[in-house]
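Counting in this note's numbering, the sequence shown runs from 1471 upward without gaps. Here a beta-carbon is modelled for each residue, glycine too, at the ideal position from N, C-alpha and C. As C-alpha cells, the structure follows; a few thoughts come after it.
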Amino acid sequence: MKRILLVRHGESEWNAIRRLQGQADINLSQRGEGQARALRPMIATYKPDLVLTSDLMRASHTASLLGYPDATRETRLREHNVGDWTGAEIAQLMEEQPEAYANWRAGTFAPDNGELWEDFRSRVASVIDMARSSQAETILMVCHGGVIRAALHATLQLPPARIIPVGPASLTILAFPKEEPRLEVFNATIFAPVLDAPD
C-alpha cells in the first residue's frame, strides 16, 4: 500500500521567536537540528523509496539531518506565501488583527501579496498526485506545517480550521488503500506532542 510520510522541518530560528516565515528562507535553530536528528531513527524504519524536500533551507537541512542529503528539491513543497505578513510577530498579529489572523488560519483570508489558500492547496495537491502516480510505495516529503495542513485538506477534505498547527520535526502519514485515503499518523514526534506550535 502506498504511503506518504509528511515531516515538518525542525524548529527554525524564526519559529523560536514566533515570527511568521512563509517563504522566507530561514534556517534551523540549534534546537531544531537536535529535533531532526532525534527523528531520524523513526523515519529510517519506513525505508522510503522516494524522498522529496522543500527547497527552503529549514526543510532541506532537516532532510539532510534525517539522512537524505540528496533528496530531490521540490518548489511546490514550499510553505504558504504569507506576503506582507512575512516576518511579523504572531502575538502582534493576534493582538492587532485577531479576526484577520483567525481567518488566515482558517484558509479564508490572505494578507496583501500573499497566496490564496485554494491556490496553495492546489499546489500541494499536485505534488501529492505526482507521488501517488509514481512507482514508489513509500514517499517521504520534508516540508512545512502549512503544506501538511493543505495536504490533509486536499486528500481528506479536512479544512484548515479543523487542524491544529503541526509541531516541529513531526511525522504525519497518509495511506492510500484501494478504498479511499486515510490518515494513519498525525503530528507524531519522539517528544511530547506540541499542540501550540507557531506557524
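Residue i versus the options, residue with shortest Cα-Cα distance
| i | options | result |
| --- | --- | --- |
| residue 1637 | 1623, 1646, 1654, 1660 | 1660 |
| residue 1490 | 1574, 1586, 1503 | 1574 |
| residue 1517 | 1656, 1508, 1527, 1607 | 1607 |
| residue 1527 | 1587, 1563, 1629, 1481 | 1481 |
| residue 1495 | 1629, 1551, 1471 | 1551 |
| residue 1648 | 1598, 1591, 1602, 1540 | 1602 |
| residue 1542 | 1555, 1600, 1531, 1523 | 1523 |
| residue 1499 | 1478, 1627, 1485 | 1485 |
| residue 1471 | 1654, 1479, 1663 | 1654 |
Residue(s) in a DSSP beta bridge with residue i
| i | result |
| --- | --- |
| residue 1517 | Beta-bridge pairing links residue 1517 to no other residue. |
| residue 1645 | 1473, 1652 |
| residue 1482 | 1498 |
| residue 1658 | 1641 |
| residue 1522 | 1542, 1611 |
| residue 1559 | 1489 |
Proximity below 8 Å, CB of residue i to CB of residue j
| i | j | result |
| --- | --- | --- |
| residue 1536 | residue 1576 | no |
| residue 1520 | residue 1613 | no |
| residue 1666 | residue 1630 | no |
| residue 1652 | residue 1596 | no |
Assumed close pair residue i, residue j - CB separation to whole angstroms, cut-off 8 Å
| i | j | result |
| --- | --- | --- |
| residue 1581 | residue 1616 | About 13 Å separates the two Cβ atoms, so there is no contact after all. |
| residue 1493 | residue 1549 | 6 Å |
| residue 1620 | residue 1594 | 4 Å |
| residue 1639 | residue 1473 | That pair is no contact at about 19 Å. |
| residue 1610 | residue 1513 | 7 Å |
Original post:
If you scan the segment 1576 to 1621 from start to end, which runs of the beta strand (DSSP E) of 3 or more residues do you find wholly inside it?
Top reply: The segment 1576 to 1621 contains these whole beta strand (DSSP E) runs: 1608 to 1613.
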